[in-house]
Amino acid sequence: MQHSHLELQRPKGAITLLMVTLLVLLASMVGLFTARSVWTQRLASNHSVWAVQAQLSAEAALETALVVLEAALSEPAPTLWTMHEPAHCASGYTGTEWQCRSLAVDADSHGHTWQVQLMRDVVRAPHVAVVRATARHAANRTMAQVQQSVYMPTASPLMTASIASTLLTQGCVSEATLGSTRFCAPNANTGSCSGSGQNVGTAIQSLYAPDTDGNGLISAAEQQSCLNLSPTSLQGGSTVTPSTALPAPNPAQCDSGAWSRVFGALTPAQIQAISQAQALKGLSASTTPARTVYWIDSASDWAQSVGSASAPVLLVFSATACASQCPRISASAKIVGTVFLDSQCNDNRVANWHSGAVSGQVAVASGLPQLQAGSQMQWLSQHRQAFDWPWPTGIDASRVQRVRGSWKSGF
Numbered sequence: 103m104q105h106s107h108l109e110l111q112r113p114k115g116a117i118t119l120l121m122v123t124l125l126v127l128l129a130s131m132v133g134l135f136t137a138r139s140v141w142t143q144r145l146a147s148n149h150s151v152w153a154v155q156a157q158l159s160a161e162a163a164l165e166t167a168l169v170v171l172e173a174a175l176s177e178p179a180p181t182l183w184t185m186h187e188p189a190h191c192a193s194g195y196t197g198t199e200w201q202c203r204s205l206a207v208d209a210d211s212h213g214h215t216w217q218v219q220l221m222r223d224v225v226r227a228p229h230v231a232v233v234r235a236t237a238r239h240a241a242n243r244t245m246a247q248v249q250q251s252v253y254m255p256t257a258s259p260l261m262t263a264s265i266a267s268t269l270l271t272q273g274c275v276s277e278a279t280l281g282s283t284r285f286c287a288p289n290a291n292t293g294s295c296s297g298s299g300q301n302v303g304t305a306i307q308s309l310y311a312p313d314t315d316g317n318g319l320i321s322a323a324e325q326q327s328c329l330n331l332s333p334t335s336l337q338g339g340s341t342v343t344p345s346t347a348l349p350a351p352n353p354a355q356c357d358s359g360a361w362s363r364v365f366g367a368l369t370p371a372q373i374q375a376i377s378q379a380q381a382l383k384g385l386s387a388s389t390t391p392a393r394t395v396y397w398i399d400s401a402s403d404w405a406q407s408v409g410s411a412s413a414p415v416l417l418v419f420s421a422t423a424c425a426s427q428c429p430r431i432s433a434s435a436k437i438v439g440t441v442f443l444d445s446q447c448n449d450n451r452v453a454n455w456h457s458g459a460v461s462g463q464v465a466v467a468s469g470l471p472q473l474q475a476g477s478q479m480q481w482l483s484q485h486r487q488a489f490d491w492p493w494p495t496g497i498d499a500s501r502v503q504r505v506r507g508s509w510k511s512g513f
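Right under this line is the structure:
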């Protein structure tokens with residue numbers, strides 16, 4: 103009887119032990135999962151903190167970069183954009199027109215390393231840089247990026263309206279052979295060089311005419327003598343000279359009024375630097391996009407056709423190119439855009455010049471005596487498009503300024 107009672111208690115003890123074991127195991131698992139949940143939450147919290155720190159570090163890198171950029175462009179002869187570093191072109195900025203640079207900035211004091219990339223379009227907006235700042239932390243493997251576009255003093259606003267004239271000079275104009283050249287001020291109705299409607303602009307405008315009788319006024323006879331051209335050459339367009347006497351241009355101290363009338367606040371140094379940047383990127387008349395700015399120091403004559411109505415060009419024959427005689431444009435060359443001759447107020451440097459066929463505007467920093475037969479110039483209203491880069495109204499173009507609405511983060 104006692105034996106039978108012990109046999110009944112043994113299964114109950116085993117069941118109790120099993121249940122206790124299961125409860126202990128369950129409690130252990132609950133504790134483990136609770137600890138893991140706490141660890142995960144703590145890790146997530148750490149990552150959130152690290153991400154915020156990386157974001158703040160990237161923003162600090164961007165602000166530091168803007169200060170460094172301002173200082174670099176304030177140097178007497180800035181060299182920042184004289185190089186191209188393809189490795190620093192961010193995704194989406196690798197076209198032929200994009201010039202890229204790195205900007206050296208110090209790392210922060212919290213273990214983040216900084217990288218700053220600069221990108222600019224040397225054709226459409228050489229005065230705008232995309233500044234991208236990246237902050238990385240090697241230990242916690244976080245990274246953040248921010249980006250801001252800024253206007254730079256690498257170009258200036260034109261500010262002045264274009265003088266609607268096929269030829270703009272600072273002196274008198276004559277033909278080697280009367281009636282052998284063509285100056286076309288297009289007709290407002292037909293768009294051609296003749297017609298019954300009013301012509302758009304003038305054929306020739308001179309900023310200076312000699313006051314031969316010394317009375318302080320420029321008479322009709324003096325105007326006619328200064329712009330001595332055949333009516334056949336003018337193609338229905340008129341000529342304009344000052345009505346009051348002005349000081350004669352002095353080659354020793356040439357004040358290029360023609361330059362400011364065409365380029366506004368743009369400086370020769372800015373134009374030359376943009377031309378060099380386009381050449382550095384390998385742009386030419388046959389690339390896409392095509393090169394638009396040519397600063398020419400060579401004294402050799404120009405024989406290449408460049409520019410189109412949708413993409414006009416700028417050709418500046420510098421004072422160096424015109425040191426003895428400004429290069430002539432060959433009869434076979436067709437130029438669409440603006441041609442400027444920096445003849446330094448010296449008529450002798452452009453005597454017997456040839457323009458080829460120019461659709462746009464030719465501007466000369468002197469008179470233009472004995473223009474050669476076959477020279478053709480026709481007004482094109484969008485001739486300044488190659489160097490008329492967009493600026494917001496009222497901006498201080500002499501400093502680095504943010505482009506409104508261009509700030510980005512987390513791309």
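According to this note's numbering, the stretch in the sequence shown is residues 103 to 513, in order. Even glycine gets a Cβ: it sits at the ideal position worked out from N, Cα and C. Note that the coordinates shown come from a computational prediction; the quantities given were computed from them, not determined experimentally.
Go to residue i, then tell me how far its alpha helix (DSSP H) extends in each direction, as first and last residue.
i	result
T334	333-336
V364	359-365
Quick one: Cα of residue i to Cα of residue j, how far?
i	j	result
P288	T334	15 Å
W520	A266	Look at the range of the chain in this structure, 103 to 513, and you will see that residue 520 is not part of it.
L220	C328	51 Å
T268	V460	9 Å
V230	Q250	10 Å
A163	V248	9 Å
S483	W361	18 Å
V275	G339	15 Å
R504	R226	18 Å
R486	W200	22 Å
A263	R363	8 Å
T181	Q472	41 Å
S477	R234	49 Å
A405	M185	29 Å
A350	N454	21 Å
S159	E165	10 Å
I497	N450	41 Å
M245	H212	13 Å
G512	G194	15 Å
S412	E277	31 Å
S377	V408	14 Å
Q463	C286	10 Å
R284	Q480	8 Å
A435	I320	37 Å
In the structure shown, what three-state DSSP assignment does residue i receive?
i	result
E277	strand
T346	strand
V302	coil
L168	helix
S150	helix
P205	Residue 205 is actually Leu in this sequence, not Pro. Coil, per DSSP.
V452	helix
Q406	coil
L385	coil
L309	coil
T495	coil
M121	helix
V93	In the structure as shown, the chain begins at 103 and stops at 513. Residue 93 is therefore absent and cannot be evaluated.
M261	coil
T256	coil
M131	helix
S511	strand
H186	coil
Ends of the beta strand (DSSP E) at residue i?
i	result
A375	Unbroken run through A375 is the alpha helix (DSSP H), 370-382; no beta strand (DSSP E).
Q325	Taken as a continuous stretch (DSSP letters only), Q325 belongs to no beta strand (DSSP E), being part of the alpha helix (DSSP H) at 322-328.
Q487	Careful: Q487 lies outside any beta strand (DSSP E) and carries neither H nor E.
M479	478-481
Y396	395-398
P471	470-473
T268	267-271
F419	415-419
Q86	Past the boundaries of the shown model lies residue 86; the chain is included only from 103 to 513, so the question cannot be answered.
F285	284-286
Is any non-hydrogen atom of the ligand GDP found closer than 7 Å to the C-beta of residue i, if you look at the structure I gave you?
i	result
W455	The ligand GDP is not part of the structure shown, which contains no ligands of any sort.
If you measure from the beta carbon of residue i to each beta carbon in chain B, is any gap under 8 Å?
i	result
I117	The chain inventory of the structure shown lacks chain B, comprising one protein chain alone.
Quick one: which unbroken beta strand (DSSP E) runs of 3-plus residues sit fully inside the segment 224-252? Chain order, please.
Taken in chain order, the complete beta strand (DSSP E) segments of 3 residues or longer contained in the segment 224-252 are 227-239.
Do the segment 341-351 and the segment 324-331 meet, that is, are 3 or more Cβ pairs less than 8 Å apart?
The segment 341-351 makes contact with the segment 324-331; the number of CB pairs closer than 8 Å reaches 3 or more.
Could you say if the segment 399-418 and the segment 437-444 meet the contact criterion of at least three C-beta pairs nearer than 8 Å?
Segments in contact, yes.
Would you call the segment 149-163 and the segment 184-193 in contact, with 3 or more CB pairs under 8 Å?
These segments do not touch.
What are the complete beta strand (DSSP E) segments, minimum 3 residues, inside the segment 423-450?
Fully enclosed beta strand (DSSP E) runs of no fewer than 3 residues occupy 436-443 of the segment 423-450, in order along the chain.
Answer yes if the segment 158-172 comes into contact with the segment 204-211, meaning at least three C-beta pairs across the two stretches below 8 Å, and no otherwise.
The segment 204-211 is in contact with the segment 158-172.
State whether the segment 387-397 contacts the segment 303-312, with contact taken as three or more CB pairs (one from each stretch) at a distance under 8 Å.
Per the Cβ contact rule, the segment 387-397 is not in contact with the segment 303-312 (fewer than 3 Cβ pairs under 8 Å).
Whether or not the segment 253-263 and the segment 364-378 are in contact is what I'm after, with contact meaning three or more pairs of Cβ atoms, one per stretch, closer than 8 Å; do they touch?
The answer is yes - the segment 253-263 touches the segment 364-378, with three or more Cβ pairs under 8 Å.
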